[in-house]
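1586 is the number that the working numbering gives the last residue of the sequence shown; the numbers go up by one with no jumps. Single-structure report; data block below.
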Amino acid sequence: MDTHLHHERHFLANQSVRDVVIGMADGLTVPFALAAGISGAAVGTHLVVAAGVAEIAAGSIAMALGGYLAARSDVEHYASELEREEREIVEKPDAEEAEVAEIFRQYGLGEEHYGSLIKGLRQRPRAWRDFMMRFELGLEAPDPRRASRSALTIGASYVLGGAVPLIPYILLDDIGRALPWSASVTIAALAVFGFVKGRFTGAAPVRSAVQTAAIGGAAALAAFLLARAVS
C-alpha cells in the first residue's frame, strides 16, 4: 500500500500573469512600433525618445485604468449574480433544485446519486448559493482588492516593456544606428517574454516565443513602412 500522499501542483497566479502579459506585450509592441515609425520619417533620436516617453506615460495610464475598470466590473457582476441567486433560492427553490439536478445529469449521474446532496443543499442556503455560483454560472468570488493590484501590475509592466525599445535611442545619437539596435533588442525581449509566458501558461514555450516576436515585429514594420511612405 502506497503511504505517500499525492500532491498536485497547480499554477494559481493566472490573473496576475494575465495582467503582466497584457501590460508587457503592449508595452513592448506599441512604443516599438511608434519609435520605428518615427524613425522612418528620418527625424532625430531626441524626438523619438520624447514621443516614446509620452506614449509610454499615456499608454500605461490608459492600460492601468482599463485593468482597474475591468476588475471592478468583475466584482460588481459577481455581487449582482450573488444577490440574484440568494433571491431565487428563497423565492423559487423547486426551480433551483431542478437546475442542480440538471448539472449532475450532464455528468451522467442519476437521482440516486445526487438526491441526498440536493437535500443537504436545501438545508444550507449559503452552500447552495455558492454551489450555483460556481457550477451553474461558472463564477468564482473575485478578490475585492484585485482592481488596484491589476492596475498597478498592468501599468508597471507597460512602462517596463516600453522602456526596452527606447534604450538604443537614448544611448545612441545616430538614428540610423539606433533603429536596428532597437529592433534587435525588442525582438529579443519579445521572444524571451513569449517563452516565459508559454512556460507560465502551459503553452509550448518556443512556439509562444516565435509568435510573440513575430507579432511585435510585424507591428513595428508596418508602422515604419507607413511613416516612410508618408514622409
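Where a beta carbon is used, it is the ideal one built from N, C-alpha and C, also for glycine. Model, not experiment: these values are computed from the prediction.
For this session: Could you tell me how far apart the beta carbons of ILE1530 and GLY1572 are, in whole angstroms, since I believe they sit closer than 8 Å?
Result: As a first step, residue 1530 is located in the sequence shown; it is residue number 175 there, counting from the start. As a first step, residue 1572 is located in the sequence shown; it is residue number 217 there, counting from the start. With 8 Å as the limit, ILE1530 and GLY1572 do not qualify as a contact, their Cβ atoms being about 19 Å apart.
Exercise. Closest to VAL1519 by CA distance: which of ALA1546, ARG1501, LEU1507 is it?
Worked result: Against the sequence shown, residue 1519 aligns to sequence position 164. The candidate whose alpha carbon is nearest that of VAL1519 is ALA1546.
For this session: Classify LEU1521 as helix, strand or coil using the three-state DSSP reduction.
Result: Against the sequence shown, residue 1521 aligns to sequence position 166. It is helical.
Problem set entry | Own chain residues within Cβ distance below 6 Å of ILE1473, not counting five before or after | Translated into positions along the sequence shown, residue 1473 becomes position 118. Contacts found: GLU1452, VAL1455.
Exercise. How about ALA1533 and THR1400: are their beta carbons less than 9 Å apart?
Worked result: For the purposes of this step, residue 1533 is identified with residue 178 of the sequence shown, where counting begins at 1. For the purposes of this step, residue 1400 is identified with residue 45 of the sequence shown, where counting begins at 1. Result yes, Cβ atoms of ALA1533 and THR1400 sit closer than 9 Å.
Exercise. What's the call for HIS1361, buried or exposed, on a 16-neighbour Cβ count within 10 Å?
Worked result: Taking the first residue of the sequence shown as position 1, residue 1361 is located at position 6. Low per-residue confidence applies at HIS1361: pLDDT is 47, beneath 50, and the placement is therefore not dependable enough to give any value.
Exercise. Whole beta strand (DSSP E) runs in the region 1532 to 1580 with 3 or more residues, listed along the chain?
Worked result: none
Exercise. In whole angstroms, what separates the C-alpha of GLU1443 from that of LEU1492?
Worked result: Here residue 1443 is taken as the residue at index 88 of the sequence shown, counted from 1. Here residue 1492 is taken as the residue at index 137 of the sequence shown, counted from 1. Cα to Cα, the separation comes out at about 14 Å.
Exercise. How long is the line joining the alpha carbons of ALA1584 and ILE1570, rounded to whole angstroms?
Worked result: Counting from 1 along the sequence shown, the entry for residue 1584 is found at position 229. Counting from 1 along the sequence shown, the entry for residue 1570 is found at position 215. Spanning the two alpha carbons is a distance of roughly 21 Å.
Problem set entry | Nearest-angstrom Cα separation, counted from VAL1565 out to ALA1388 | In the sequence shown, the residue the question calls residue 1388 occupies position 33. In the sequence shown, the residue the question calls residue 1565 occupies position 210. Looking at the two C-alpha atoms, the distance is approximately 18 Å.
Exercise. So, using beta-carbon positions, are LEU1390 and TYR1513 closer together than 9 Å?
Worked result: For the purposes of this step, residue 1390 is identified with residue 35 of the sequence shown, where counting begins at 1. For the purposes of this step, residue 1513 is identified with residue 158 of the sequence shown, where counting begins at 1. Before going on, a small fix: residue 1390 reads as Ala here, not Leu. No, the pair does not count as a contact, with Cβ atoms beyond the cut-off.
Exercise. Leaving out the 5 sequence neighbours to the left and right, which residues in its chain are closer than 7 Å to LEU1476 when beta-carbon positions are compared?
Worked result: One-based indexing of the sequence shown puts residue 1476 at position 121. Cβ within range, chain order: VAL1455, ALA1482, TRP1483, PHE1486.
Exercise. Alpha carbon to alpha carbon, how far is GLU1551 from LEU1494?
Worked result: Start at 1 with the first residue of the sequence shown, and residue 1551 comes out as number 196. Start at 1 with the first residue of the sequence shown, and residue 1494 comes out as number 139. The amino acid occupying residue 1551 in the given sequence is Val; Glu does not appear at that position. Cα-Cα distance, rounded: 28 Å.
Problem set entry | Option nearest HIS1432 by Cα separation, candidates PRO1497, VAL1372, GLY1382 | Taking the first residue of the sequence shown as position 1, residue 1432 is located at position 77. Among PRO1497, VAL1372, GLY1382, the Cα nearest to that of HIS1432 belongs to PRO1497.
For this session: Report the three-state DSSP secondary structure of ALA1584 (helix, strand or coil).
Result: Taking the first residue of the sequence shown as 1, we reach residue 1584 at position 229. It is helical.
Exercise. Do ARG1504 and SER1371 have their C-beta atoms closer together than 9 Å?
Worked result: As a first step, residue 1504 is located in the sequence shown; it is residue number 149 there, counting from the start. As a first step, residue 1371 is located in the sequence shown; it is residue number 16 there, counting from the start. Going by C-beta atoms, ARG1504 is nearer than 9 Å to SER1371.
Exercise. Which class does PRO1499 belong to by DSSP, given the choice of helix, strand or coil?
Worked result: Reading the sequence shown from its first residue, position 144 is the one you call residue 1499. PRO1499: coil per DSSP, three-state reduction.
For this session: Classify ASP1529 as helix, strand or coil using the three-state DSSP reduction.
Result: Working through the sequence shown from its first residue, we reach residue 1529 at position 174. Coil, per DSSP.
Problem set entry | Same chain only: Cβ atoms within 6 Å of ALA1502, ignoring 5 sequence neighbours per side | What you label residue 1502 is simply residue 147 of the sequence shown in a count that begins at 1. If we look at ALA1502 and ignore the five residues flanking it on each side, its Cβ neighbours are TYR1423, ALA1426, ARG1427.
Exercise. What residue does the alpha helix (DSSP H) around PHE1593 start on, and which one ends it?
Worked result: Residue 1593 falls outside the range modelled here, since the chain spans only 1356 to 1586, and no answer is possible.
For this session: Quick one: using the 10 Å Cβ neighbour count with 16 as the cut-off for buried, is VAL1561 buried or exposed?
Result: Counted from its first residue, the sequence shown places residue 1561 at position 206. Per the 10 Å Cβ criterion, exposed.
For this session: Name the two residues that bound the continuous alpha helix (DSSP H) containing LEU1437.
Result: Position 82 of the sequence shown holds residue 1437. Run containing LEU1437: 1400 to 1446, per the alpha helix (DSSP H) assignment.
Problem set entry | Assigned secondary structure, TYR1462 (DSSP; H/G/I helix, E/B strand, else coil) | Position 107 of the sequence shown, counted from the first residue, corresponds to residue 1462. Coil at TYR1462, not helix or strand.
Problem set entry | Sequence-distant residues of the same chain with beta carbon closer than 6 Å to VAL1430, five excluded per side | Translated into positions along the sequence shown, residue 1430 becomes position 75. Excluding sequence neighbours, VAL1430 sits near PRO1497, PRO1499.
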